[in-house]
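Worksheet: one structure, shown below.
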Amino acid sequence: MYFTTSSVVAFSLLASSSLVAGHGAIIAATGDAGGAGSAIGVDPATPRDGTGRNPFQQDSTRFRGDAAATCGETLGGGDNAIEAGTAQVMQLNGATLPQVSAGGQVMMTVHQVNSDGAGPYKCMIDATGTGTNWQPITVSQNLEGSERGRNRDTQMQDLPLTAEIPAGQTCTGTVAGQTNVCMVRCENPARAGPFGGCVPVQMAAAAAAAPAAAAPVANAPVANAPAANAPAANVAPAVAPVNPATQPAAAAPVANAPAAAAPIANAPVAAAPVANSPAGGVATNPNAAVAPAAAPVSPVAGAAARKREALRQSQPALTNDDQEEELDLVESDF
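For the sequence shown, the residue numbers in mature numbering (1 follows the signal peptide of the UniProt record, and there is no 0) are -22 to -1, 1 to 312.
Put into structure tokens, the structure is as follows:
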């Protein structure tokens, strides 16, 4: 069998094109509000120091085949499934997807495998997160490359790619258990491609709205704290009467109580004439004995009456000490 030169060249091109697969992979992404992720289908275990089909191109996305209109395919995993792929992105990069805000950015890292994985890239966003309603967005930082997406000088390098999230952008998708999800798709113009990837992102402002609404509930106990303390505030007036300055005045009558009780202590002395009344011939009428018993009501009259009664009844003479004590008592009563 003989082949012409043109046939050999054509065969060589076909053979080489069949080996063409993903030549650029979005291996990392973050939003202006944080979070971390990558394109769906990326495998961190893929070596990044070569250009050949296997293993270096295995996780690079190419927008061809059945999933060309959504999120493409990879050599290693086939069609990129959005639900399972997003769950894998979170498993590999953490539970928080790239967090973006309306008017913010998503910052990505493209690993350019070989020459036709270069820029310029174009990006688009789907607010539903399903990869079915793409809207173009602005690329503010791009990779260098020809109109065919080729640049041999930048192969086997990690290069920055930044896309702008439109002002007023909303994200309404629910993917892999996450709400407020958008899908960002970036691709280059390579003829063997396009190459690039789909990056799931989450609207940070919408995700933060629920905690913000819950904040007053968290602060409610603080708002009620003064009410809980209100009774404590009312304690002060109740305690106020126990003022040391006023306490002595209230206690003064108590201090004088013994003085008032003194005549009662001397009551036996007043009772003596009643006991001796029969011997002295003094009235024995029971009613007459009542009068001396009532005398202690008036301490001054009682003391004087006892003195006079003792003299009249010829009681034994008091000693000098007793007389001085009795006189002191009488004088003190006046």
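Every residue gets a Cβ at the ideal spot worked out from N, C-alpha and C, and that includes glycine.
Cβ separation of residue i and residue j, assumed to be a contact under 8 Å, to the nearest whole Å
i      : j      : result
Thr140 : Met181 : That belief does not hold up - the Cβ atoms of Thr140 and Met181 are roughly 18 Å apart, past 8 Å.
Pro98  : Gly123 : 6 Å
Val91  : Phe34  : 5 Å
Gly50  : Phe41  : 4 Å
Thr132 : Ala96  : 6 Å
Ser79  : Ala183 : 5 Å
Residue i classed as buried or exposed, judged by whether at least 16 other C-beta atoms fall within 10 angstroms
i      : result
Asn265 : Low local confidence applies: a pLDDT of 45 at Asn265 is under 50, so the model's placement there is unreliable, with the coordinate-based value given in what follows. By the neighbour-count rule (16 or more Cβ atoms within 10 Å), Asn265 is not buried but exposed.
Thr52  : buried
Asp104 : buried
Pro167 : buried
Gln113 : exposed
Pro178 : buried
Gln69  : exposed
Thr116 : exposed
Arg130 : exposed
Pro22  : exposed
Ala170 : buried
Pro46  : Just to set this straight, residue 46 is Ala in the shown sequence, not Pro. Exposed.
Gly127 : buried
Gly174 : buried
Gly109 : buried
Gly146 : exposed
Backbone CA spacing between residue i and residue j [nearest angstrom]
i           : j      : result
Val(-3)     : Arg31  : Residue confidence for Val(-3) is low, a pLDDT of 47 falling below 50, so the modelled location carries little weight; the figure read from the coordinates is stated next. Those two C-alpha atoms are separated by around 7 Å.
Gly2        : Glu142 : 21 Å
Ala14       : Thr39  : 19 Å
Pro138      : Gln119 : 7 Å
Thr74       : Ile18  : 15 Å
Ala154      : Asp94  : 32 Å
Glu125      : Gln156 : 37 Å
Asn111      : Asp44  : 16 Å
Asp57       : Asp10  : 29 Å
Ala7        : Val84  : 7 Å
Gly55       : Gln36  : 8 Å
Gly82       : Thr152 : 21 Å
Gly12       : Cys164 : 20 Å
Leu121      : Val162 : 17 Å
Thr150      : Val159 : 6 Å
Pro144      : Asp136 : 26 Å
Pro76       : Pro25  : 24 Å
Met134      : Ile4   : 13 Å
Lys100      : Gly107 : 18 Å
Gln66       : Met86  : 18 Å
Asn48       : Ala59  : A small correction: the amino acid at residue 48 is Thr; Asn does not occupy that position in the sequence shown. Between Thr48 and Ala59, the C-alpha separation is close to 9 Å.
residue 317 : Pro172 : This structure gives no information on residue 317, because the portion of the chain shown stretches from -22 to 312.
Val20       : Cys176 : 10 Å
Sheet register partners of residue i (DSSP bridge)
i      : result
Cys160 : Val179
Gln66  : Beta-bridge pairing links Gln66 to no other residue.
Phe173 : Arg40
Cys101 : Ile115 and Cys164
Met134 : Partner(s): none; Met134 has no beta bridge.
Ala141 : Val84 and Val117
Gly12  : Gly9
Gln77  : Gln180
Ile4   : Val88
Thr52  : Gly56
Ala151 : For the sequence presented, residue 151 should be read as Gly rather than Ala. According to DSSP, which records beta bridges pairwise, Gly151 is partnered with Val159.
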